[in-house]
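Protein chains in written order, with this note's numbering: chain A, 263 to 654; chain B, 777 to 838.
Ideal Cβ positions, reconstructed from N, Cα and C, are used throughout, including at glycine.
Model, not experiment: these values are computed from the prediction.
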């Protein structure tokens with residue numbers, strides 16, 4: 263009798279220990295001789311950190327919960343962005359929605375709604391995408407003889423029934439894999455698809471801190487130039503859709519919910535890997551950090567003031583960022599919002615591991631003391647965010 | 777793939793020791809800045825692409 267059959271048959275007659283686990287005697291009863299190294303080594307896929315998608319459960323949304331996506335590449339729930347391949351349709355995106363599948367243990371989904379229906383359908387297209395950093399897809403061995411197959415899974419619900427498409431593209435869209443799936447209106451559906459190993463030689467692939475793999479779980483319109491009739495195989499070229507794709511963006515009032523996005527090595531869609539909140543958050547902070555203060559005279563960065571109008575300081579990031587970030591401040595830099603009558607704040611050099619960066623501030627009214635110190639802080643009670651963006 | 781942005785008000789920022797320490801710019805009405813030389817940053821990469829293509833000029837710092 264094989265060991266697996268022995269385990270199965272013995273499990274039917276062995277009760278667990280009082281604390282819910284098994285003691286050593288019970289293990290030996292189930293598996294005569296116990297587990298040896300060969301048994302352990304039969305585990306062929308990682309048990310943790312197997313999901314290469316970040317924030318697949320849509321639980322992190324630093325940019326807010328209602329986002330208007332009127333142009334291409336608008337980030338929504340962290341790490342996910344809308345794609346608008348040149349069309350005139352626009353989305354309203356609502357994050358942290360509690361409309362979720364009845365199974366899988368999800369708390370949130372992200373809702374996409376047509377804000378302004380596209381009138382240029384067919385010419386332009388739309389979708390939802392996450393770019394996976396090159397470091398994180400290197401294990402897929404794309405473009406090599408030992409490349410790995412991988413499985414994409416996600417939960418989706420659309421107000422429009424019909425045929426939808428998903429796509430996976432290499433970093434420069436040198437190769438694409440497109441597949442179709444069907445949805446029934448207003449019904450949560452789990453989509454799973456195993457994508458074969460990409461063994462064709464690639465002329466370019468980022469396996470460092472650039473975009474390694476572009477994953478589009480669901481598309482919401484089709485564009486002629488990126489459509490293909492060839493599905494379920496890797497294609498040379500930049501393809502995202504088929505002509506069967508539902509014209510979701512062309513339909514006023516259409517909605518779509520998405521959650522539970524997972525991409526993992528192997529040919530099995532395992533149950534969704536729920537991570538501790540802090541792990542999800544930390545992974546997101548590598549790409550975007552909303553550094554927000556709402557308290558009175560909230561301090562952002564301590565400065566060394568080298569003249570009456572100029573100062574520099576250092577800000578440490580909570581986790582190493584992917585690259586040197588762009589700084590966007592959501593309020594005008596002036597005396598209404600900032601102390602010291604500041605009129606300019608900019609980000610300066612970052613260290614080699616992107617763990618922190620310099621800041622430069624200018625006072626419009628000689629409010630600094632030469633050779634002294636100051637702080638970039640709000641002027642009284644304000645709600646100010648410094649958005650640090652190192653997205654792909 | 778380098779993303780394409782529509783930049784306006786593109787200008788260098790003078791630091792204590794460097795007249796081109798950072799670059800400020802506006803996208804969709806949002807005022808942004810990035811350190812000069814931030815290769816790998818999607819905004820910086822597209823700024824440099826447009827500069828190299830002769831489509832964009834970065835104004836010197838005040």
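Given residue i as reference, the closest of the options once Cα atoms are compared
| i | options | result |
| --- | --- | --- |
| residue 478(A) | 353(A), 429(A), 422(A) | 429(A) |
| residue 425(A) | 622(A), 340(A), 504(A) | 504(A) |
| residue 607(A) | 572(A), 422(A), 413(A), 338(A) | 572(A) |
| residue 559(A) | 650(A), 513(A), 646(A), 618(A) | 646(A) |
| residue 599(A) | 619(A), 643(A), 586(A) | 643(A) |
| residue 355(A) | 520(A), 468(A), 583(A), 442(A) | 520(A) |
| residue 563(A) | 528(A), 640(A), 532(A), 384(A) | 640(A) |
| residue 391(A) | 481(A), 545(A), 631(A), 630(A) | 481(A) |
| residue 457(A) | 530(A), 622(A), 333(A), 489(A) | 530(A) |
| residue 816(B) | 629(A), 624(A), 616(A), 543(A) | 616(A) |
| residue 313(A) | 618(A), 394(A), 451(A) | 394(A) |
| residue 433(A) | 574(A), 523(A), 450(A), 465(A) | 465(A) |
| residue 438(A) | 500(A), 453(A), 463(A), 398(A) | 500(A) |
| residue 837(B) | 800(B), 807(B), 831(B), 825(B) | 800(B) |
| residue 442(A) | 484(A), 473(A), 412(A), 436(A) | 484(A) |
| residue 367(A) | 627(A), 621(A), 545(A), 533(A) | 533(A) |
| residue 803(B) | 544(A), 589(A), 490(A), 311(A) | 589(A) |
| residue 555(A) | 591(A), 413(A), 537(A), 331(A) | 591(A) |
| residue 358(A) | 416(A), 369(A), 349(A), 517(A) | 369(A) |
| residue 798(B) | 389(A), 574(A), 543(A) | 574(A) |
| residue 649(A) | 605(A), 488(A), 546(A) | 546(A) |
Sheet register partners of residue i (DSSP bridge)
| i | result |
| --- | --- |
| residue 651(A) | 550(A), 588(A) |
| residue 555(A) | 646(A) |
| residue 464(A) | DSSP output for residue 464(A) lists no bridge partner at all. |
| residue 811(B) | 798(B) |
| residue 606(A) | 624(A) |
| residue 831(B) | According to DSSP, which records beta bridges pairwise, residue 831(B) is partnered with nothing at all. |
| residue 537(A) | Answer is none; residue 537(A) lacks a bridge partner. |
| residue 566(A) | 574(A), 635(A) |
| residue 439(A) | 430(A), 496(A) |
| residue 525(A) | 414(A) |
| residue 806(B) | 803(B) |
| residue 444(A) | 425(A) |
| residue 368(A) | Answer is none; residue 368(A) lacks a bridge partner. |
| residue 310(A) | DSSP, once it has assigned bridges, lists no residue as partnering residue 310(A). |
| residue 640(A) | 600(A) |
| residue 612(A) | 619(A) |
| residue 451(A) | 418(A) |
| residue 517(A) | 375(A) |
| residue 383(A) | 386(A) |
Boundaries (first-last residue) of the beta strand (DSSP E) holding residue i
| i | result |
| --- | --- |
| residue 622(A) | 618 to 625 |
| residue 827(B) | Note, residue 827(B): premise wrong, no beta strand (DSSP E); alpha helix (DSSP H) at 818 to 828. |
| residue 458(A) | Per DSSP, residue 458(A) belongs to no beta strand (DSSP E) and is neither H nor E. |
| residue 343(A) | 343 to 346 |
| residue 473(A) | 473 to 483 |
| residue 376(A) | 371 to 378 |
| residue 359(A) | 352 to 359 |
| residue 390(A) | 388 to 395 |
| residue 779(B) | No beta strand (DSSP E) contains residue 779(B), which DSSP labels as neither H nor E. |
| residue 787(B) | 784 to 789 |
Distance between beta carbons of residue j and residue i, contact taken as under 8 Å
| i | j | result |
| --- | --- | --- |
| residue 325(A) | residue 337(A) | 6 Å |
| residue 525(A) | residue 315(A) | 5 Å |
| residue 585(A) | residue 809(B) | The Cβ separation is near 15 Å, so there is no contact. |
| residue 470(A) | residue 405(A) | With a Cβ gap of about 15 Å, residue 470(A) and residue 405(A) do not count as contacting. |
| residue 550(A) | residue 653(A) | 6 Å |
| residue 422(A) | residue 447(A) | 6 Å |
| residue 582(A) | residue 548(A) | 7 Å |
| residue 540(A) | residue 318(A) | Wrong, their Cβ atoms sit about 16 Å apart, outside the cutoff. |
| residue 511(A) | residue 380(A) | 4 Å |
| residue 835(B) | residue 787(B) | 4 Å |
| residue 789(B) | residue 622(A) | 6 Å |
| residue 569(A) | residue 610(A) | Going by Cβ atoms, the distance from residue 569(A) to residue 610(A) rounds to 16 Å, so no, they are not a contact pair. |
| residue 518(A) | residue 420(A) | 4 Å |
Where residue i meets chain D, residues with beta-carbon distance less than 8 Å
| i | result |
| --- | --- |
| residue 582(A) | Checking the listed chains, one finds no chain D in this structure; the protein chains it contains are A and B. |
- Message: Suppose only complete runs of 3+ residues qualify. What are the beta strand (DSSP E) ranges in the stretch 400 to 437 of chain A, listed by chain order?
- Response: Segments of the beta strand (DSSP E) lying fully in the stretch 400 to 437 of chain A: 412 to 420, 424 to 432.
- Message: Just to confirm the assignment: which complete alpha helix (DSSP H) runs, minimum length 4, are found wholly within the stretch 314 to 343 of chain A?
- Response: The alpha helix (DSSP H) runs lying completely inside the stretch 314 to 343 of chain A and spanning 4 residues or more number zero.
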